[in-house]
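One structure is given here, and the rest of the page talks about it.
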Amino acid sequence: MGFNPSHRLDGIEISIIRKINALAKPSTINLGIGQLPYRAPGPLIQAGIKALEKGVIQYTTNAGNAELRQLIAEEHPRLYERGVNPEDVIITTGVEEALSIVFAASLNPGDEVLIPEIYFSVYDPLARFYGATPRTYKLDETFSLDLEDIESKINPRTKIIVINSPANPTGKILRQDELSNLAEIILSHRDLYAVSDEVYSHLYFGEEKPQSIARYSGRVIITDGISKRSSATGLRIGWTIAPQEVTRELIKVHQYMVTCASSISQAAAIPVLRGECLESEEKYRRSLKENRDSAIQLLSEIPDMDLVSPEGAFYCFPNISRFGDSMDVSLKLLNECDVLTIPGIAFGEKGKHHIRLSYAVGKEKLCEGITRMQKVLQ
Ligand SMILES: Cc1ncc(COP(=O)(O)O)c(C=O)c1O
Numbered sequence: 062m063g064f065n066p067s068h069r070l071d072g073i074e075i076s077i078i079r080k081i082n083a084l085a086k087p088s089t090i091n092l093g094i095g096q097l098p099y100r101a102p103g104p105l106i107q108a109g110i111k112a113l114e115k116g117v118i119q120y121t122t123n124a125g126n127a128e129l130r131q132l133i134a135e136e137h138p139r140l141y142e143r144g145v146n147p148e149d150v151i152i153t154t155g156v157e158e159a160l161s162i163v164f165a166a167s168l169n170p171g172d173e174v175l176i177p178e179i180y181f182s183v184y185d186p187l188a189r190f191y192g193a194t195p196r197t198y199k200l201d202e203t204f205s206l207d208l209e210d211i212e213s214k215i216n217p218r219t220k221i222i223v224i225n226s227p228a229n230p231t232g233k234i235l236r237q238d239e240l241s242n243l244a245e246i247i248l249s250h251r252d253l254y255a256v257s258d259e260v261y262s263h264l265y266f267g268e269e270k271p272q273s274i275a276r277y278s279g280r281v282i283i284t285d286g287i288s289k290r291s292s293a294t295g296l297r298i299g300w301t302i303a304p305q306e307v308t309r310e311l312i313k314v315h316q317y318m319v320t321c322a323s324s325i326s327q328a329a330a331i332p333v334l335r336g337e338c339l340e341s342e343e344k345y346r347r348s349l350k351e352n353r354d355s356a357i358q359l360l361s362e363i364p365d366m367d368l369v370s371p372e373g374a375f376y377c378f379p380n381i382s383r384f385g386d387s388m389d390v391s392l393k394l395l396n397e398c399d400v401l402t403i404p405g406i407a408f409g410e411k412g413k414h415h416i417r418l419s420y421a422v423g424k425e426k427l428c429e430g431i432t433r434m435q436k437v438l439q
């Protein structure tokens, strides 16, 4: 007798990111990390402490704290043409849960989900959990959407198209015309929805904040949260924003999965949405931009390592095909110079010519890490 796992788990493995991180030693320069290294903003921390002291440790409503939902709605006056209503928002346990309830509420066995060919490693297994088939759509050499390829892959079984901008692991920000053209494609197919993962939307280095596809279409489900923008991955606060007909279904899954997100974490998130943490957000962006520029410069000194400059999030995703496949190169770097990077294969088959470096670390560590890489790869 043994434990007989569900067929839902057939072929699903613990992520390569977790596996390679387990190989890090205390001495390792870890450029594999997916979170900011900064202390979270003061108002967020104070609000969390105050909530605990005041005993705010009861369930909230399933959809979440009313003030927080109101503030999230107010942050998006230009989406869905009409703006966002608090009733369109569900507070979730991180963006991971937001994605989970969206996939669970949308997918039947046999359905198809279109995801980018280089993707955040959760989208593929999550589609499989619900018996759906993830299919990848092409990105061009600068990681822009190949809209023709997307269109050619839509069929009556296609339920959702996932986009992620700014993207993990490429750092790509989708342009306005890409979003509006994709919105048009989606609207021309009955019952098709975009799932727009916007968890990095506050981490960008140009003048303008990245746009949401929900400016161009009502058939969009947004997943977002404070993990990355507020250096608060452990608070586990995310949310969905979606039209009422979708939110009505999402809340059923959310209710039976988790009841509600942590009341204390929700209270701590309120100052972020009130705009009390803007100074910290600006500081994070400035520091990340400096790190990004240093990383681009140092990587460009490695002959034959091509890099598309990242525009947002906090990752570089250079092409390392001249040095071997991604797993070999990551292991070589770990073993020969004690620098941890993530093999691009963790983000899909098309990632196998790349490695992912996170520049969300101290600048000195970052520069030392890439300088060591230069020596190993030259
Ligand atoms: C693209 C993307 N979406 C979602 C998440 C998960 O966010 P959270 O920590 O809020 O669950 C991550 C985390 O790395 C991510 O990179």
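Using this note's numbering, read the sequence shown as starting at 62 and increasing by one per residue.
Every residue gets a Cβ at the ideal spot worked out from N, C-alpha and C, and that includes glycine.
Annotation: G267 to E372 spans about 7 angstroms, alpha carbon to alpha carbon. Beta-bridge analysis with DSSP links C377 to L418.
Proximity of the region 189 to 204 to the region 172 to 181 meets the contact definition, three or more beta-carbon pairs being nearer than 8 angstroms. With 16 or more other CB atoms across the displayed protein chains lying within 10 angstroms of its CB, H137 is buried. Counting only the Cα atoms, I118 lies some 42 angstroms from R236. In this chain, the alpha helix (DSSP H) harbouring S387 covers S387 to C398. The C-alpha of A166 lies about 14 angstroms from the C-alpha of I283.
The three-state reading of DSSP puts V256 in strand, counting E and B together.
By the criterion of a C-beta distance shorter than 8 angstroms, Q435 is surrounded in its chain by L359, E362 and I363, once the five residues flanking it on both sides are discounted. G409 and P186 have their C-alpha atoms roughly 11 angstroms apart.
Under the rule that a run must span 4 or more residues, the alpha helix (DSSP H) segments found entirely inside the region 191 to 270 read 208 to 214 and 237 to 248. Excluding sequence positions up to five before and after T320, its CB lies within less than 7 angstroms of the CB of Y120 and N123, all in the same chain and listed in chain order. Collapsing the DSSP output to three states places L187 in a helix. By the C-beta density criterion, F204 is buried, having at least 16 other C-beta atoms within 10 angstroms. Residue state for P332 is assigned as helix, using DSSP reduced to three classes.
In the three-state reduction of the DSSP assignment, T301 falls in the strand class, which pools E and B.
In this structure, the alpha-carbon of L160 lies about 13 angstroms from that of R297.
Nearest Cα to E142 within the set P102, K411, R353 and A303: A303. In this chain, the alpha helix (DSSP H) harbouring E342 covers L339 to S361. Rounded to the nearest angstrom, the Cβ distance from A322 to G125 is 6 angstroms, consistent with a contact under 8 angstroms. For L175, the pairing in a beta bridge is given by DSSP as R196 and I222. Apart from the 5 residues on each side of it in sequence, S88 sits with its Cβ closer than 7 angstroms to the Cβ of D399 in its chain, given in chain order. In chain order, the residues positioned with their C-beta nearer than 6 angstroms to some heavy atom of ligand 1 are G95, G155, V156, E157, F181, N225, N229, D258, V260, G286, S288, T294 and G299. The alpha-carbon of F375 is positioned some 12 angstroms away from that of S292. By the Cβ test, the region 387 to 399 is not in contact with the region 215 to 229, since fewer than three Cβ pairs between them sit closer than 8 angstroms. The Cβ-Cβ distance between I403 and I78 falls below 8 angstroms.
Looking at the DSSP output, P138 shares a beta bridge with no other residue. Judged by DSSP secondary structure, G286 falls within the beta strand (DSSP E) whose first and last residues are V281 to G286.
When DSSP states are grouped into helix, strand and coil, V150 belongs to the strand group. When secondary structure is reduced to three states using DSSP, N169 falls in the coil class, being assigned neither helix nor strand.
Counting along the chain, L438 sits inside the alpha helix (DSSP H) bounded by residues K424 to L438. Relative to A127, the option among R346, S324 and E158 whose CA is nearest is S324.
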